[in-house]
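Below you'll find the structure, written out as structure tokens, and then a few comments.
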Amino acid sequence: MNAQAGPVDAVSRLTVHLSGAHVTDASIGLTLIPLLKIPTVIIEFRHPVGARIWWEGWCEAIEMLDRIFPEQVDAGEMLEPELTINSFVILDDAPRRAKVRARSAAVSPNGIGALSVTVGGLTIACASRSAVECQVRGWREAYDVLASDGGFGLPSADEVARHVRSDHARHGINELRVAAQEQRAGRGR
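Spelled out as structure tokens, the structure:
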């Protein structure tokens, strides 16, 4: 072992895959910090801007929902044991932007559409319309917990959604077309 080695910074990455309807629960934890529980993960919000960035990402995802999952296909309900938590994530920084990735069933190698939101090292990937809808409800509820506190100066969840919808109307459709073209080109090689 090298005794001269200094500290090492590691970047953690976690992807949560959700395929059907599931339960989300936003609440205030024992330490009075807002929490969002989704299957296999508890997310703790220590920075209000981080919560806003996540909510913006899910607002953008919902704008793509009809193009990625044009019809409600029942993927079944995700049944998780009540106390199974594989990860505990603390959101304690102010990220700049969420990355929303979309893949329609038509361009997917496995024929299943996907919609994911990534902020920092955490990605939540949904493989059905109902999974996306459950995540949108959960993230809105978590954002509302922070925004309703009033001490953080956050706009309402509806104001954020209106802003994202307006921005998406100007730019979002083109981004989706470019992503689909890149996927097709990649498969043609």
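Those letters in the sequence shown? Residues 523 to 711, by the working numbering. Cβ atoms here follow ideal geometry from the backbone N, Cα and C, with glycine treated the same way.
- Residue pairing by DSSP places residue 625 opposite 636 in a beta bridge.
- By the C-beta density criterion, residue 556 is buried, having at least 16 other C-beta atoms within 10 angstroms.
- Nearest C-alpha to residue 553 among 625, 577 and 612: 612.
- Exclusion of the five residues before and after residue 657 leaves 540, 546, 560, 580, 583, 639, 646 and 648 as the residues of its chain whose Cβ lies within less than 8 Å of its Cβ.
- Secondary structure note for residue 583: its alpha helix (DSSP H) is the uninterrupted segment 570 to 590.
- Measuring C-alpha to C-alpha distances from residue 660 to each of 622, 544 and 614 identifies 544 as the nearest.
- Between residue 637 and residue 565 a beta carbon distance of about 18 Å is seen, past the 8 Å cut, so the two are scored as non-contacting.
- Under DSSP, the beta-bridge partners assigned to residue 556 are 550.
- CA-to-CA, the gap between residue 651 and residue 558 works out to about 20 Å.
- When the alpha-carbon of residue 654 is set against those of 577, 666 and 569, the nearest one is in 577.
- Within the same chain, Cβ atoms closer than 6 Å to the Cβ of residue 551 are found at 557, the five residues on either side in sequence being excluded.
- The residue from 693, 691 and 562 with its alpha-carbon nearest to that of residue 538 is 562.
- Annotation: the continuous beta strand (DSSP E) that includes residue 536 extends over 536 to 540.
- In the displayed model, residue 679 falls within a helix according to three-state DSSP.
- Residue 574 holds the alpha-carbon nearest to the alpha-carbon of residue 685 among 536, 568, 574 and 632.
- In this chain, the beta strand (DSSP E) harbouring residue 563 covers 562 to 567.
- For residue 647, the uninterrupted beta strand (DSSP E) segment begins and ends at 644 to 648.
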